[in-house]
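>
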Amino acid sequence: MSQGSKRDVYVFGTCLIDVLYPDAGMDTVHLLEYFGCQVHFPQDQTCCGQPAFNSGFRREALKVAEIQLALFTEPWPIVVPSGSCASMFRHDYPALFAEHPLATQAKDVASRVVELTAFLLTLTEGYASPPKETDATVVAHTSCSARRGLGQGALALALIRRLSGKPATEPEEAEACCGFGGTFAVKQPELSAAMTASKCHALQATGAAHLVSGDCGCLMSLNGYLEQSGAALKGEHIASFLWRELQNRTARKGVSG
Amino acid sequence: MTAHTSSDAQPGFRERAIQVLASPDLQENFHDAMAFLRQKRASAFADEEHFQRLQAESQRIKQEALSQLPDLLETLEARCTVNGIQVHWAETGAEACDLIRQIIEAHVPHREGQPIRVIKGKSMATEEIGLNTHLEQHGMHCLESDMGEFIVQLAKQSPSHIIMPAIHLRKQEIARLFSEKLPDTPYTEDVDRLIGIGRQVLREQFEKADVGISGVNFAIADTGTLCLLENEGNGRLSTTAPDLHIAVCGIEKVIPRLSDLPPLLSVLTRSATGQAITTYVNLISSPRRLDEKDGPSAVHLVLLDNGRSRMFQDAELQATLRCIRCGACMNHCPVYAKIGGHAYGSVYPGPIGQVIMPQIEGIRAHGEMTEACSLNGACGEVCPVGIPLPDLIREQRERRAQLPEYSRGKEAWIWRLWVLGYRHPQLYRIWSRVVTQLRRLSPRRLRPWSPSRAVPRPARQTLHERMKAHAAQMNTSGKHSR
Chain A
143 MSQGSKRDVY VFGTCLIDVL YPDAGMDTVH LLEYFGCQVH FPQDQTCCGQ
193 PAFNSGFRRE ALKVAEIQLA LFTEPWPIVV PSGSCASMFR HDYPALFAEH
243 PLATQAKDVA SRVVELTAFL LTLTEGYASP PKETDATVVA HTSCSARRGL
293 GQGALALALI RRLSGKPATE PEEAEACCGF GGTFAVKQPE LSAAMTASKC
343 HALQATGAAH LVSGDCGCLM SLNGYLEQSG AALKGEHIAS FLWRELQNRT
393 ARKGVSG
Chain B
41 MTAHTSSDAQ PGFRERAIQV LASPDLQENF HDAMAFLRQK RASAFADEEH
91 FQRLQAESQR IKQEALSQLP DLLETLEARC TVNGIQVHWA ETGAEACDLI
141 RQIIEAHVPH REGQPIRVIK GKSMATEEIG LNTHLEQHGM HCLESDMGEF
191 IVQLAKQSPS HIIMPAIHLR KQEIARLFSE KLPDTPYTED VDRLIGIGRQ
241 VLREQFEKAD VGISGVNFAI ADTGTLCLLE NEGNGRLSTT APDLHIAVCG
291 IEKVIPRLSD LPPLLSVLTR SATGQAITTY VNLISSPRRL DEKDGPSAVH
341 LVLLDNGRSR MFQDAELQAT LRCIRCGACM NHCPVYAKIG GHAYGSVYPG
391 PIGQVIMPQI EGIRAHGEMT EACSLNGACG EVCPVGIPLP DLIREQRERR
441 AQLPEYSRGK EAWIWRLWVL GYRHPQLYRI WSRVVTQLRR LSPRRLRPWS
491 PSRAVPRPAR QTLHERMKAH AAQMNTSGKH SR
């Protein structure tokens, strides 16, 4: 795919992906490279600051957020494989830094942050989609921060159809929160788990073979419940699903061609 | 990360939530009722643009009203007085209760051995100030006339929803309640018959009541009119049958002009119950005039502050006063839909409660309920007057975190440690690497995340490490290809 001059992009991998789900991060990078991007990963990135910010610890959030602002010096898009962190950058940074000396940088960074599925959808426009499959369906969970924070509906559905040919669907009450909610999950764990259980039941009721989401926070809660209840369904980051699909397709082409 | 301070020591939100979560029936009640209301609202606003237009218009009106609140209240008082409505001001709930009791005692002649009978239209403001308890302590009989409130009062409970007070009760429970508490009432689960029984009881009481007490949905300044919405006719009866009508009105309910009313009515009823209009729209502009045959001989308006001036002066939280009490935030809140209103332990539950209660009764009294939110944003999306509820809930969390007892507590230390770990990139890379290397030691159970969720295990290598290797590999392969 990569022909001609490459498009420079930054990737902000997120703290959750860094330690718990680096495969999602690597697959994000593979996808971007496959579709012609030169990926830059600033090694000094840590966390966007959202956990503290949402918990009411604004000063602490600011201290960590400040560090991230210095990383993206070139005017390239900043691709974030999480609706939640992307929403923090895009919407909360300008407010968080409103009366801060770095207000201008914060606005600049906010304006360049793009959530992964939104970025891929633009990047892969005109992609020759594989023939439509009918067998294994995919169910997509869109995080509330992607849906409402970023105003992005279920972009995953279009992206999955375009890149894999697999039919994709959403569960009943798709707009309902999965119950993760960051520190909410540990401050009100019973309530959070009950919400997660409802979401998992709705996801399982679709009968889909694959569960994908653009947010590892949601996935941590969903997979935690699914695993604990012995369910066959297991969620993965949408980047991992898409990258595997692309590789399978390339392999098949290799065999048949 | 739970940092329960001493002020949260009594059975708190979490314990109450756990109780509800133990009852699948109750959860199903809430889930189905909320889904029904959401669906009704969605059909009432089938056109999203229609909603957004009405929302913008309603927000503008309420914001305009707030921007000139003191002046509007004076106009309201002047116009009401001209109309013959007697206006009173109450700074606190206790003051309002005293005032209302005095008005009643001055109006209703003393009858030895016969208590004064008060009939009430639905009013959250009177719930807020605990009026029934106060009046009953002074020997009066209070009867709620809204069917939901009537049921809740009979069950000796409090409303669990600001629009649907008895939404937590199933028809079987109501059937049992009626047959046990109402004389000569057979057990029936037939909803129409149950409502008929309730209405029969109420009808008799309307005739006997000395006083009718109602809330106010909108107080219109330029005409001195009180607008009261309802579906059962009990509001109209409460405000017209007894000889004395007392309306209790939060000061934020004032709007500038009569012409502001239509858009607000449209948005309120559609947001609350999905109705284009309620069955009754009462516009009360005076007591009975000389040439009129019915209506109360005296109408009193009690303008209630109870913390609202404080909200008005608080730049960050002032938007709270735009609230028109439609309940849409509750219907759309995934937390509320799981556990209902009682778990919040407050008069106003759900998202708006999480913002209002700490302002009325203090963040110390209602700190924990601010945790009961996943910041999913559903409430803010449907609020008909555009209150940024998620932002305001987060703001309340910030204020709680600044309490001295909280900033010295466990959670504050966790965040300080977090800053240390995430503010220094080199240090971060070291500890995150150590965490991945010690992954086999990571706990299988980690409260409070488990027991219902498996604990994720750190990966073999961090993304930082893998990206470092990846970049090196890309460099080499780049050089080779050259």
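Just so you know, the protein sequences line up as chains A and B, in that order.
If you're matching positions, the first sequence starts at 143 in the numbering used here and goes up one per residue.
If you're matching positions, the second sequence starts at 41 in the numbering used here and goes up one per residue.
We put the CB at the ideal spot given by N, CA and C, even for glycine.
From A:Val161 to B:Ser472, what does the alpha carbon distance come to, in whole angstroms?
6 Å
> Relative to the alpha-carbon of B:Gln92, which residue among B:Glu292, B:Pro430, B:Ser414 and B:Leu304 has its alpha-carbon at the smallest distance?
Closest option to B:Gln92, Cα to Cα, is B:Leu304.
> I believe B:Cys120 touches B:Gly264 by the beta-carbon criterion, under 8 Å. Please report the beta-carbon distance rounded to the nearest angstrom.
Between B:Gly264 and B:Cys120 the Cβ distance is about 4 Å, and since that is below 8 Å, they are a contact.
> Keeping to the same chain, check which residues put their C-beta closer than 7 Å to that of B:Pro483; ignore five residues upstream and five downstream.
Within the same chain, Cβ atoms closer than 7 Å to the Cβ of B:Pro483 are found at Val495, the five residues on either side in sequence being excluded.
> Would you list, in chain order, the members of the segment 350-367 of chain A that have their beta-carbon closer than 8 Å to a beta-carbon of chain B?
Met362, Ser363, Asn365, Gly366 and Tyr367
> Three or more C-beta pairs under 8 Å: does that hold for the segment 289-296 of chain A against the segment 217-235 of chain A?
With the cut-off at 8 Å, the segment 289-296 of chain A and the segment 217-235 of chain A touch.
> Compare the Cα-Cα distances from B:Arg437 to each of B:Gln399, B:Arg506 and B:Cys423 and report the closest residue.
Sorting B:Gln399, B:Arg506 and B:Cys423 by C-alpha distance to the C-alpha of B:Arg437 places B:Gln399 at the top.
> So, does the CB of B:Glu114 fall closer than 7 Å to a CB anywhere in chain A?
no
> Kindly indicate the opening and closing residues of the beta strand (DSSP E) around A:Leu400.
Chain A is shown from 143 up to 399; residue 400 of chain A falls before or after that span and cannot be answered.
> Note down, in chain order, each residue of its chain lying with its Cβ closer than 7 Å to the Cβ of A:Phe326, except the 5 sequence neighbours on either side.
Ser334
> Which whole-angstrom value describes the C-beta separation of A:Ile220 and A:Val181, a residue pair presumed to lie in contact below a C-beta threshold of 8 Å?
The Cβ separation is near 11 Å, so there is no contact.
> Please determine if the segment 308-318 of chain B and the segment 276-296 of chain B are in contact, where contact requires at least 3 C-beta pairs separated by less than 8 Å.
No, they do not touch.
> Measure the beta-carbon distance from B:Gln394 to B:Cys413 and round it to whole angstroms, keeping in mind my assumption that it falls under 8 Å.
6 Å
> Starting from A:Ile209 and walking both ways along the alpha helix (DSSP H), at which residues does that stretch end?
Arg200 to Leu211
> For a test of the three-state rule: what should DSSP assign to B:Glu270, helix, strand or coil?
B:Glu270 falls in the strand class under three-state DSSP.
> Using DSSP's beta-bridge definition, name the partner residues of B:Phe258.
BP columns for B:Phe258 point to B:Cys267.
> Check whether the Cβ atoms of B:Arg78 and B:Asn371 sit closer than 7 Å, and answer yes or no.
yes
> Identify, in the order they occur along the chain, each residue of the same chain with its Cβ nearer than 7 Å to the Cβ of B:Thr476, setting aside the five sequence neighbours on each side.
Pro498, Ala499, Arg500, Gln501 and Thr502
> Looking only at its own chain, which residues have a Cβ that is under 7 Å from the Cβ of B:Gly335, when we skip the five neighbours before and after it?
Thr280, Pro327 and Arg328
> The alpha helix (DSSP H) that contains B:Arg141, what's its start and end?
B:Arg141 -> alpha helix (DSSP H) spans Gly133 to His147.
> Can you tell which of A:Pro273, A:Leu265 and A:His343 has the C-alpha that lies nearest to the C-alpha of A:Ser306?
A:Pro273
> Flag this pair as yes or no: are the beta carbons of B:Lys211 and B:Val231 separated by less than 7 Å?
yes
> Considering only their Cβ atoms, is the gap separating B:Glu505 from B:Gly52 smaller than 7 Å?
Judged by beta-carbon spacing, B:Glu505 lies beyond the 7 Å limit of B:Gly52, meaning their Cβ atoms are not closer than that value.
> If I follow the unbroken alpha helix (DSSP H) through B:Leu467, where does it start and stop?
Pro465 to Gln477
> Any C-beta of chain A sitting closer than 7 Å to the C-beta of B:Leu341?
no
> If the cut is a Cβ gap below 7 Å, which residues of chain B does A:Cys189 touch?
Tyr462
> Shortest alpha-carbon distance to A:His352 belongs to which of A:Met337, A:Gly359 and A:Leu368?
Nearest C-alpha to A:His352: A:Leu368.
> Can you pull the chain A residues whose beta carbon is under 8 Å from the beta carbon of B:Trp455, in chain order?
Ala194, Ser197, Phe199 and Glu202
> Nearest-angstrom Cα distance between A:Cys342 and B:Gly290?
Roughly 43 Å between the two C-alpha positions.
> Name, please, each residue of chain A whose Cβ falls closer than 7 Å to the Cβ of B:Gly426.
The premise fails here: B:Gly426 is roughly 14 Å from chain A at the closest Cβ pair, so nothing lies under 7 Å.
> State yes or no: is the beta carbon of A:Leu333 nearer than 7 Å to at least one beta carbon in chain B?
yes
> Can you round the beta-carbon distance between B:His208 and B:Leu66 to whole angstroms, since I take them to be within the 8 Å contact cut?
For B:His208 against B:Leu66, the beta-carbon gap comes to about 7 Å, under 8 Å, which counts as contact.
> Taking DSSP as the reference, what is the three-state secondary structure of A:Glu378?
strand
> Any contact of the segment 211-222 of chain B with the segment 168-180 of chain B, i.e. 3+ C-beta pairs under 8 Å?
no
> Have a look at B:Asp283 and B:Thr132 and give me their C-alpha separation to the nearest angstrom.
Approximately 26 Å, taken between the alpha carbons.
> Just curious, the beta strand (DSSP E) that A:Asp150 is in, first and last residue?
Arg149 to Val153
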